[in-house]
Amino acid sequence: MNTVTESRHFIEIMPKIELHLHLEGAFNFEFLFHLIEKYGGDPSVSSSADLQKKFVFRDFPHFIELWFWKNQFFKSPADFEESTYYTIKDLAGQNVIYAEVFYSPWDFVINNLTVEEITEATLSGIRKAENEFPIRCNLIADIVRDYGAEGAIKRLDQITPFRDSGVIGIGLGGSEQKFPAQEFGEVFREAQRRGFHLTAHAGEASGPESVWAAIKHLGVERIGHGVRAIEDPGLIEYLKTEQIPLEVCVTSNIKTRVFDSLSVHPLPVLSEKGLFVTINSDDPAMFGSTLTDELLLVHEKMDFSLPVLQNLMENALNATFLNKSEKSRLKNIFHLKSANTAG
Ligand SMILES: [Zn+2]
Numbered sequence: 285m286n287t288v289t290e291s292r293h294f295i296e297i298m299p300k301i302e303l304h305l306h307l308e309g310a311f312n313f314e315f316l317f318h319l320i321e322k323y324g325g326d327p328s329v330s331s332s333a334d335l336q337k338k339f340v341f342r343d344f345p346h347f348i349e350l351w352f353w354k355n356q357f358f359k360s361p362a363d364f365e366e367s368t369y370y371t372i373k374d375l376a377g378q379n380v381i382y383a384e385v386f387y388s389p390w391d392f393v394i395n396n397l398t399v400e401e402i403t404e405a406t407l408s409g410i411r412k413a414e415n416e417f418p419i420r421c422n423l424i425a426d427i428v429r430d431y432g433a434e435g436a437i438k439r440l441d442q443i444t445p446f447r448d449s450g451v452i453g454i455g456l457g458g459s460e461q462k463f464p465a466q467e468f469g470e471v472f473r474e475a476q477r478r479g480f481h482l483t484a485h486a487g488e489a490s491g492p493e494s495v496w497a498a499i500k501h502l503g504v505e506r507i508g509h510g511v512r513a514i515e516d517p518g519l520i521e522y523l524k525t526e527q528i529p530l531e532v533c534v535t536s537n538i539k540t541r542v543f544d545s546l547s548v549h550p551l552p553v554l555s556e557k558g559l560f561v562t563i564n565s566d567d568p569a570m571f572g573s574t575l576t577d578e579l580l581l582v583h584e585k586m587d588f589s590l591p592v593l594q595n596l597m598e599n600a601l602n603a604t605f606l607n608k609s610e611k612s613r614l615k616n617i618f619h620l621k622s623a624n625t626a627g
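Each residue of the sequence shown is one higher than the last, beginning at 285 in this note's numbering.
Structural data, given as structure tokens:
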């Protein structure tokens with residue numbers, strides 16, 4: 285299996301696990317175009333191809349502008365249900381067999397929707413896709429740093445009723461520099477007490493101190509990104525010893541300028557040093573990427589071999605928030621499909 289086409293085919297059909305994807309950044313373009321039309325259209329877009337071109341952003345402020353621009357078109361629970369359905373269907377089309385995806389309902393209360401309505405609709409979209417395609421999916425509620433630590437317990441209260449129906453964890457995205465992890469210690473402790481799994485974005489916009497804070501003050505089980513740990517040898521040693529999984533998102537890091545180019549991205553070094561790394565797509569629609577693209581990228585540009593990619597997917601499987609029996613069921617499916625891939 286040496287040619288580029290064969291490698292590409294292998295990566296396309298490889299069973300995959302996605303651990304770091306935001307539903308708000310992972311919409312299906314055709315569906316978003318449908319929503320725009322449904323709500324009266326927009327003069328700047330006359331087709332889904334147009335829309336896709338519009339989402340090639342110039343810089344970070346432009347990224348934020350586009351992010352909020354598209355949010356205005358999610359006006360009813362049905363919009364969330366259908367959008368989620370198409371996103372999960374797209375993941376299944378890449379042979380993703382299991383995904384833990386972030387959602388952030390608080391971004392949409394401005395559209396006169398409740399957190400409960402959005403959560404129910406999102407879960408319903410997931411269940412519909414699970415019934416039709418060979419994929420399973422759970423949600424992680426991103427309680428977002430920028431909404432402040434004060435109301436964080438209230439946000440946790442709003443999602444707690446859904447803990448047994450698919451919202452299995454909480455995450456912490458948003459402005460790492462302005463809202464340090466230590467401010468959220470209380471809500472993370474309470475979330476853990478209520479049975480939620482814990483992850484937090486850290487070591488992306490901010491340096492190693494942010495990763496240390498997520499470990500010490502939040503007690504996270506995984507780190508979102510974590511790539512700037514590379515700046516602190518002591519932290520690298522700690523992450524290696526403790527085998528804390530990092531949810532690495534390469535294209536995202538380049539597009540948001542965490543690193544200037546692929547050649548200086550630390551993923552190969554983190555992997556060589558024996559850290560627990562996983563490959564993920566973050567906001568695939570916004571970044572013009574997919575999980576398959578991410579795997580192709582690290583294979584072609586960072587020299588990760590196909591067996592190593594399979595190992596990284598198995599890493600991701602071990603880092604899921606599934607319980608023991610669910611994990612072993614998923615492992616069986618993964619190995620069965622991997623064997624078919626090899627054959
Ligand atoms: Zn993220």
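Idealized CB from N, CA, C, for every residue including glycine.
For D326, the distance from the CB to the nearest heavy atom of ligand 1 is not below 6 Å. By DSSP's assignment, F386 forms a beta bridge with H306 and I424.
With fewer than 16 neighbouring CB atoms inside 10 Å of its own CB, R477 falls in the exposed class.
Judged by DSSP in its simplified three-state form, K462 adopts coil rather than helix or strand. In terms of Cβ geometry, T562 and N616 do not form a close pair [threshold 7 Å].
In this structure, D566 has its CB closer than 6 Å to one or more heavy atoms of ligand 1. Look at R506 here: in three-state DSSP terms it is strand.
Between the alpha carbons of K373 and E290 lies a distance of about 25 Å. Shown here, K354 sits in a helix according to DSSP, grouped into three states. For the pair S367 and F315, the CB atoms are nearer than the 7 Å cut-off. If you draw a straight line from the Cα of I394 to the Cα of V428, it is about 15 Å long. Closest by C-alpha distance to L559, out of P550, H485 and N379, is P550.
DSSP, reduced to helix, strand and coil, places E296 within a helical segment of the structure shown.
Non-local C-beta neighbours of Q594 in its own chain, meaning closer than 7 Å and more than five positions away in sequence, comprise M298 and S622, ordered along the chain. By a beta-carbon distance limit of 8 Å, L614 does not contact L596. Their separation comes to about 16 Å. Short of 8 Å from the beta carbon of L350, and not among the five residues preceding or following it, lie these beta carbons of its own chain, in chain order: K338, F339, F341 and M570. By the neighbour-count criterion, in which a residue is buried when 16 or more other Cβ atoms sit within 10 angstroms of its Cβ, N624 is exposed. Shortest Cα-Cα distance from A513 to any of E488, I419 and E384 involves E488. Going by C-alpha positions, V385 is about 23 Å away from E470. Just measuring C-alpha positions, the residue of I507, F311, E584 and L407 sitting nearest L482 is I507.
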